[in-house]
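Participant:
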Amino acid sequence: MVSCKWKEILKKKLNQIRDTVDQRLLVSKDEYLSIRKQCDLLDINRSTVYYNPKGESEENLSIMQIMDKHILEEPTAGVLTMQSMLEEQGIQASYERIRRLMRLANIRPIYPRRHLTKWKNNEYVHPYLLKDLTIERSNQVWEIDITYVPMRKGFMYLTAVIDVYSRYIVGWGLSNTLDAESSLQVLKQAKVHMANQK
0 MVSCKWKEIL
10 KKKLNQIRDT
20 VDQRLLVSKD
30 EYLSIRKQCD
40 LLDINRSTVY
50 YNPKGESEEN
60 LSIMQIMDKH
70 ILEEPTAGVL
80 TMQSMLEEQG
90 IQASYERIRR
100 LMRLANIRPI
110 YPRRHLTKWK
120 NNEYVHPYLL
130 KDLTIERSNQ
140 VWEIDITYVP
150 MRKGFMYLTA
160 VIDVYSRYIV
170 GWGLSNTLDA
180 ESSLQVLKQA
190 KVHMANQK
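Those letters in the sequence shown? Residues 0 to 197, by numbering that gives the first Met the number 0.
#1: Secondary structure at I90, three-state DSSP: helix, strand or coil?
#2: Tell me whether D67 is buried or exposed, calling it buried when 16 or more other Cβ atoms sit within 10 Å of its Cβ.
#3: State the Cα-Cα distance for the pair V140 and G153, rounded to the nearest angstrom.
#4: Taking 8 Å as the limit between beta carbons, can you name the residues of its chain near L69, skipping five residues before and five after?
#5: Please name the residue, chosen from E142, R136, Q196, I109, that lies closest to Y127 on a Cα-to-Cα basis.
#6: For G89 and N105, what's the separation of their Cα atoms in angstroms?
#7: Under DSSP, the alpha helix (DSSP H) around S181 begins and ends at which residues?
#8: Provide the residue span of the alpha helix (DSSP H) that contains E57, from first to last.
#9: Please go through the stretch 130 to 155 and give each complete alpha helix (DSSP H) segment of 4 or more residues, from N-terminal end onward.
#10: Can you tell me whether DSSP reads T80 as helix, strand or coil?
#11: Have a look at R35 and L41 and give me their C-alpha separation to the nearest angstrom.
#12: One question on the structure: do S181 and G172 come within less than 9 Å of each other, judged by their Cβ atoms?
#13: Out of Q196, V191, E58, which one is the CA nearest neighbour of A92?
#14: Kindly list the residues whose CB is nearer than 7 Å to the CB of H192, restricted to its own chain and excluding five residues on each side of it in sequence; keep chain order.
#15: Report the CB separation of Y156 from L177 in whole angstroms; it is logged as a contact under 8 Å.
#16: Of all the options K53, I97, N195, A189, which has the alpha carbon lying nearest to the alpha carbon of Q64?
#17: Just reading off the beta strand (DSSP E) that I109 is part of, what are its end residues?
Rendered as structure tokens:
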């Protein structure tokens with residue numbers, strides 16, 4: 000017989016193994032001990048050993064194939080977009096089901112990375128020049144705001160020049176690349192536009 004000490008050690012180690020597939024690997028059908036005795040010693044249910052998991056249904060597999068094709072055409076499509084696309088093709092599926100199938104098929108939409116500015120890197124830290132400045136009139140200070148707009152295939156970048164005092168949009172531009180040249184072009188157009196209004 001196995002002593003209580005060894006049984007406790009086995010139980011402790013088994014608790015570290017969470018996955019039922021790994022638990023099933025511990026039980027051997029060719030051993031001297033019966034499956035019942037092995038399960039008793041390891042403190043696992045016999046149903047875990049005999050359980051044979053089913054794969055995904057044919058319907059779920061076909062949905063995953065459709066989603067896989069769709070993500071190639073529209074890489075920014077998330078769960079809600081996938082749900083709408085499937086409904087257009089006459090396939091009814093819940094949000095949770097689509098999310099689960101997307102995770103299972105490793106389908107992930109492409110989004111721009113967050114936190115483009117790394118504040119910990121001193122190269123990107125610049126002094127705040129408006130710290131002690133009181134803004135009292137229009138056209139005293141302008142700011143540039145850049146935001147991305149998701150499109151069917153990829154992104155466009157909207158650059159806006161805004162008057163800080165009045166919050167008026169002095170100029171704006173749309174570009175498919177995020178570079179300094181497009182921002183400078185918008186700033187030049189804003190300067191020309193404001194010079195013509197004087």
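From the three backbone atoms N, C-alpha and C, an ideal C-beta is built for every residue, glycine too.
Facilitator: The relevant details are as follows:
#1: Mapped onto the sequence shown, residue 90 falls at position 91. Under the three-state reduction of DSSP output, I90 falls in the coil class, being neither helix nor strand.
#2: As a working note, residue 67 is residue 68 in the sequence shown. Classification for D67: exposed.
#3: As a first step, residue 140 must be located in the sequence shown, where it is residue number 141. As a first step, residue 153 must be located in the sequence shown, where it is residue number 154. Roughly 33 Å between the two C-alpha positions.
#4: Taking the first residue of the sequence shown as 1, we reach residue 69 at position 70. Before going further, note that residue 69 is His rather than Leu in the sequence given. Same-chain partners within the cutoff: A76, M81, M84.
#5: Stepping through the sequence shown from its first residue, residue 127 is reached at position 128. Ranking E142, R136, Q196, I109 by Cα distance to Y127 puts E142 first.
#6: By 1-based counting over the sequence shown, the position of residue 89 is 90. By 1-based counting over the sequence shown, the position of residue 105 is 106. If you draw a straight line from the Cα of G89 to the Cα of N105, it is about 23 Å long.
#7: Here the question's residue 181 lines up with position 182 in the sequence shown. Element bounds for S181: 179 to 196.
#8: Residue 57 sits at position 58 when you count from the first residue of the sequence shown. Per DSSP, E57 belongs to the alpha helix (DSSP H) from 57 to 72.
#9: Qualifying alpha helix (DSSP H) stretches: none in this window.
#10: In the sequence shown, counting from the first residue as 1, residue 80 sits at position 81. Here T80 carries a helix assignment [DSSP, helix/strand/coil].
#11: Here residue 35 is taken as the residue at index 36 of the sequence shown, counted from 1. Here residue 41 is taken as the residue at index 42 of the sequence shown, counted from 1. R35 and L41 have their C-alpha atoms some 10 Å from each other.
#12: The residue labelled residue 181 in the question sits at position 182 within the sequence shown. The residue labelled residue 172 in the question sits at position 173 within the sequence shown. Yes, the pair counts as a contact, with Cβ atoms nearer than the cut-off.
#13: The residue you call residue 92 lines up with position 93 of the sequence shown. With distances taken between Cα atoms, A92 lies closest to E58.
#14: As a first step, residue 192 is located in the sequence shown; it is residue number 193 there, counting from the start. Here the set comprises V169, G170.
#15: Translated into positions along the sequence shown, residue 156 becomes position 157. Translated into positions along the sequence shown, residue 177 becomes position 178. Going by Cβ atoms, the distance from Y156 to L177 rounds to 5 Å, so yes, they are a contact pair.
#16: Working through the sequence shown from its first residue, we reach residue 64 at position 65. Restricting attention to K53, I97, N195, A189, the CA atom closest to the CA of Q64 is found in I97.
#17: Looking up residue 109 in the sequence shown gives position 110. Neither: I109 is in no beta strand (DSSP E) and is coded neither H nor E.
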